Amino acid sequence: LLNGNPGPAIWHRCGLRQGDPVSPQLFVLAVDTLGRLFHRAVELRVMQQLHPRRTIPTISLYADGVILLCHPSPDDIAAVKEILQLYGRASGLHVNFQKSAAALIRCDTADAAHVVAHLGCPIVEFPLTYLGIPLTLSGPTAAQLQPVVDKVAGKLPFWKAWLMNKAGPLAFVKAVLSAIPIHQLLVLAPPKKTIKLLEKIERGFLWAGRAEANGGNCHVNWRRVCRPI
Numbered sequence: 001l002l003n004g005n006p007g008p009a010i011w012h013r014c015g016l017r018q019g020d021p022v023s024p025q026l027f028v029l030a031v032d033t034l035g036r037l038f039h040r041a042v043e044l045r046v047m048q049q050l051h052p053r054r055t056i057p058t059i060s061l062y063a064d065g066v067i068l069l070c071h072p073s074p075d076d077i078a079a080v081k082e083i084l085q086l087y088g089r090a091s092g093l094h095v096n097f098q099k100s101a102a103a104l105i106r107c108d109t110a111d112a113a114h115v116v117a118h119l120g121c122p123i124v125e126f127p128l129t130y131l132g133i134p135l136t137l138s139g140p141t142a143a144q145l146q147p148v149v150d151k152v153a154g155k156l157p158f159w160k161a162w163l164m165n166k167a168g169p170l171a172f173v174k175a176v177l178s179a180i181p182i183h184q185l186l187v188l189a190p191p192k193k194t195i196k197l198l199e200k201i202e203r204g205f206l207w208a209g210r211a212e213a214n215g216g217n218c219h220v221n222w223r224r225v226c227r228p229i
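Below you can see the structure in the form of structure tokens.
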């Protein structure tokens with residue numbers, strides 16, 4: 001449609017890359033159609049509803065990360081592939097099944113065979129990573145969140161620490177180190193070990209300019225340091 005009037009077809013010729021100056025609304029308009037297709041498929045009973053009483057979304061879309069949830073029956077899997085192919089023919093945004101993966105929840109070997117036969121994508125085990133968040137069937141372990149701790153430790157500017165006054169490390173801890181794990185901590189319940197490791201790094205850089213600091217370097221109790229002003 002152009003100004004409300006149907007015009008000639010717009011053929012998709014090249015893809016967009018990260019950083020291209022394009023309105024996010026254009027992306028929303030294109031991808032929203034995919035979500036509506038799956039919602040309509042459930043309404044028409046082309047696909048089974050995930051829960052008999054509760055409403056559970058079939059698809060989660062955010063940027064280039066997509067999660068599809070469906071029953072492992074051959075009919076549902078075939079419907080998923082047909083909808084994705086239909087969307088690709090209409091929009092030019094085709095799914096690369098070789099770069100996709102399927103994770104099975106409460107499924108057996110026969111279900112895995114149906115997935116591989118229809119979709120052709122590999123089967124992977126939990127935990128998975130979606131938008132930087134480790135997805136598990138239970139709470140995340142300290143080992144699964146260790147990459148977050150390593151990322152915080154990797155941001156320490158050791159060579160600049162001695163050039164800063166006391167306000168510098170404090171501002172760096174509050175604006176940089178504390179901000180890195182916020183995305184994960186908002187949606188996960190991290191184990192106490194992970195919290196202690198993150199606090200250890202922040203405390204060490206604040207008082208000693210390194211990843212660790214002993215009791216002699218820490219002039220104020222950490223709980224008092226963390227109090228809001």
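If you're matching positions, the sequence shown starts at 1 in the UniProt record's numbering and goes up one per residue.
Positions of the beta carbon are idealized from the N, C-alpha and C atoms, including for glycine.
Just so we're clear, the structure is a prediction, and the values are computed from it rather than from any experiment.
DSSP has residue i in a bridge; who is on the other side?
i    : result
A102 : I123
I59  : L68
N5   : L2
If we ignore side chains and look at the alpha-carbon of each, how far apart do residue i and residue j end up?
i    : j    : result
Q85  : A102 : 17 Å
T194 : L44  : 46 Å
L104 : I123 : 8 Å
K160 : E212 : 16 Å
T55  : L206 : 47 Å
G4   : E82  : 30 Å
R203 : V225 : 9 Å
F27  : R210 : 43 Å
A90  : D108 : 35 Å
W11  : R53  : 42 Å
V116 : L34  : 22 Å
P169 : Q25  : 39 Å
A110 : G88  : 28 Å
P74  : H51  : 18 Å
R223 : N217 : 15 Å
N214 : L29  : 55 Å
P147 : A9   : 46 Å
D32  : R227 : 43 Å
V46  : R106 : 22 Å
V95  : C70  : 17 Å
Y130 : K155 : 22 Å
K99  : Q144 : 23 Å
Does the distance from the CB of residue i to the CB of residue j come in under 8 Å?
i    : j    : result
H183 : G132 : yes
P181 : V152 : yes
V149 : L186 : no
L177 : I201 : yes
V80  : L68  : yes
G120 : F97  : yes
H114 : P72  : yes
L128 : L137 : no
P191 : A142 : yes
Q48  : D76  : yes
The beta strand (DSSP E) spanning residue i covers which residue range?
i    : result
P134 : 133-135
L128 : 128-130
The alpha helix (DSSP H) that contains residue i, what's its start and end?
i    : result
K174 : Looking at the DSSP string, K174 is not in any alpha helix (DSSP H), and its letter there is neither H nor E.
S91  : 74-91
T194 : 192-208
P147 : 146-154
H183 : 182-187
R223 : 222-225
Report yes or no: is there a C-beta of chain D within less than 8 Å of the C-beta of residue i?
i    : result
V115 : Protein chains in the displayed structure number just one, and chain D is not present.
Pair every Cβ in the stretch 54-68 with every Cβ in the stretch 29-39, then say whether three or more of these pairs are closer than 8 Å. yes
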